[in-house]
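Enquirer:
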Amino acid sequence: MNSIFLTPGNFPQEFLRPTVEFLLLSQTQEGEIPWFEGGHSDPWDHTEAAMGLALAGELSAARRAYRWLANTQLEDGSWWRCYREGKPHEPDRRESNYVAYMATGVWHYYLLTADREFLQELFPTIDRAMAFVLSLQSEHGDIDWAVDADGSPKGDALVTGCSSIYKSMECALHIAAVLDTPRPHWQAGRALLGDALRARPDRFDRTWASKSRYAMDWFYPVLTGVIEGDAAVARINDRWHEFVQPGLGCRCEVQEPWVTVAESCELVLALMAVGDQRRAALVFSWLLQWRADDGAWWTGYQFADKVLWPDEKPTWTAGAVLLAADALTGFSGASRLFLDVVPFGAAPAGHLARTSAQP
């Protein structure tokens, strides 16, 4: 099988089942999902893997993953950037986009299940997380990327990180709306953040070299709904030939001969968000060659040296593959999570019309 084109209504459940089994085997009894066996976890990638489990109908495993986050949350609403066997590993900083992303995962779970009780259970965790994130927002709208171990802000902002936060705040607001728990300051903060991302480039990369060499800075504002419509299409087209390596995938950095599976899957989601089904399916079809025999997916491929690199098969890459396949096929009730920006307070009934998950 040298290629795979995913079309609406054609989710490859049998083909991707080994990927799900890989995630299940990787999760600890406590619920933590490390990058790989014996490796560390981080809150963002842990959540990405949990979304893959929920999408595949492994709801018990997904709930354990989110409850693990709730049980390890710090008093200020944050998490350390890195954990190993449930304990903080090298606790030197706490990153704002890592903290925010749980809201995206929990909303994804709700779109699959309509489980309001689970939203209620985890809302206090999300409430504290959002409070931490917004405490790092400047008057200009940007949100500091991290704090030091002592809680001191790092003093700069990232386009990719803030774009991810923008989507997570959208998801948090949907959760608040379902629970009839208004959080107008979240909405105000999100609006201010969106304005900064769209119109204040001077607020990002102030203290280091521009991160625009990274693919995520290119497509994340589209993936997360910061930029929509014709502007989003133009943004994707503008740097397509810089980042996309035909037949292989999306480069991580423009100057490096290295494509990565996770970023390629996220590019698929961004393409679907602008309605480009053809190129989304094409990019995904290239990725089959990076699937391992056990159903896991390699991090990436260094095409100058013609080697898989690094020698890792991360759980978050597996999660990204599942999310991209879902978006391409419209399989689950959460398939349009990254494709639409739904007005707050609007009932997500259309999203719940078809779901792969079973309680």
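The sequence shown begins at 4 in our numbering and counts up by one. Each residue gets a CB set at the ideal place from its N, CA and C atoms; glycine is no exception. Predicted model only: the values in this text are computed from it and were never measured.
Between the segment 283-292 and the segment 267-275, can you find at least three pairs of beta-carbon atoms closer than 8 Å?
Expert: With a cut-off of 8 Å, the segment 283-292 and the segment 267-275 count as touching, because enough Cβ pairs lie within range.
Enquirer: Is the number of C-beta pairs between the segment 96-111 and the segment 148-155 that are closer than 8 Å three or more?
Expert: Cβ pair count under 8 Å is three or more, so yes.
Enquirer: In or out: S155 buried (at least 16 other Cβ within 10 Å) or exposed?
Expert: Under this definition S155 is an exposed residue.
Enquirer: Can you tell me whether DSSP reads K309 as helix, strand or coil?
Expert: Coil, per DSSP.
Enquirer: Under 8 Å by Cβ, that's how I've got L72 and H49 pegged, so tell me the actual separation to the nearest angstrom.
Expert: The Cβ separation is near 7 Å, so the contact holds.
Enquirer: Between G80 and the rest of its own chain, which residues show a CB-CB distance below 6 Å, the 5 nearest in sequence each way excluded?
Expert: R131, A132, A134 and F135.
Enquirer: Would you report the Cα separation of E231 and G164, rounded to the nearest angstrom?
Expert: Rounded to whole angstroms, E231 to G164 spans 18 Å at the Cα level.
Enquirer: Is it buried or exposed, A52, if we count other Cβ atoms within 10 angstroms and call 16 or more buried?
Expert: With 16 or more other Cβ atoms within 10 Å, it is buried.
Enquirer: So, W300 versus V264, is the Cβ gap smaller than 7 Å?
Expert: Cβ atoms of W300 and V264: closer than 7 Å.
Enquirer: What runs of the alpha helix (DSSP H), each 4 residues or longer, lie entirely inside the segment 79-133?
Expert: Those alpha helix (DSSP H) runs which fall completely within the segment 79-133 and span 4+ residues are 99-116.
Enquirer: Compare the C-alpha of Y223 against each of L200, D233 and W211 and name the closest.
Expert: It is L200 whose Cα lies nearest to the Cα of Y223.
Enquirer: If you reduce the DSSP assignment to three classes, tell me which class S215 lands in.
Expert: Correct three-state label for S215: coil.
Enquirer: If you compare alpha carbons, which of Y113, H43 and R20 is closest to L179?
Expert: Per the sequence presented here, residue 179 reads as Ala, with Leu not at that position. Ranking Y113, H43 and R20 by Cα distance to A179 puts Y113 first.
Enquirer: Can you list, in chain order, the residues of its chain with a C-beta nearer than 7 Å to that of E93? Leave out the 5 residues immediately preceding and following it.
Expert: Answer for E93: C85, listed in chain order.
Enquirer: Check whether the segment 318-335 and the segment 35-48 are in contact - that is, three or more C-beta pairs closer than 8 Å.
Expert: The segment 318-335 is in contact with the segment 35-48.
Enquirer: I need the straight-line Cα distance from L340 to A218, nearest angstrom please.
Expert: Straight-line Cα distance between these residues: approximately 21 Å.
Enquirer: Alpha carbon to alpha carbon, what distance is there between W83 and D297?
Expert: So the two alpha carbons sit approximately 31 Å from each other.
Enquirer: With DSSP collapsed to three states, give me the class of I146.
Expert: Strand.
Enquirer: For the segment 17-36 against the segment 59-75, are there 3 or more C-beta pairs whose distance is under 8 Å?
Expert: Enough Cβ pairs lie closer than 8 Å, so yes.
Enquirer: According to the Cβ coordinates, are S171 and A276 closer than 7 Å?
Expert: Not in contact: S171 and A276 (Cβ atoms no closer than 7 Å).
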